[in-house]
Amino acid sequence: MVWIISDSFMSSQLDALGFTFKERVTCILGNRRDSMNAYLIRGTLIALRTENAKEVLVRALEPSS
1 MVWIISDSFM
11 SSQLDALGFT
21 FKERVTCILG
31 NRRDSMNAYL
41 IRGTLIALRT
51 ENAKEVLVRA
61 LEPSS
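Start counting the sequence shown at 1; every next residue gets the next number (our numbering).
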């Protein structure tokens, strides 16, 4: 995870769920027609509304050699 671009309340909620700088986040379920996305973070599966998921900016990891 690289950055959160939401209001301070939602930012603190996401932080409490583990969406913190440099934390590894894996998208398990996304880009669906429904309004939820699921992410694996710190061994826990977390669901976010699509509108909130768009506020979490990530960067793909480089493949390890």
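Where is the CB? At the ideal position from N, CA and C, for every residue including glycine. Keep in mind the model is a prediction, meaning the values are calculated, not measured.
Taken through DSSP and simplified to helix, strand or coil, ASN31 comes out as coil. Looking only at SER11, SER64, ARG24, SER8, the smallest Cα-Cα distance to LEU45 is reached by ARG24. A residue is called buried when at least 16 other Cβ atoms come within 10 angstroms of its Cβ; ASN31 does not meet this threshold and is exposed.
When DSSP states are grouped into helix, strand and coil, ALA60 belongs to the coil group. Under the Cβ criterion (8 Å, minimum of three pairs), the region 4-11 counts as touching the region 53-62.
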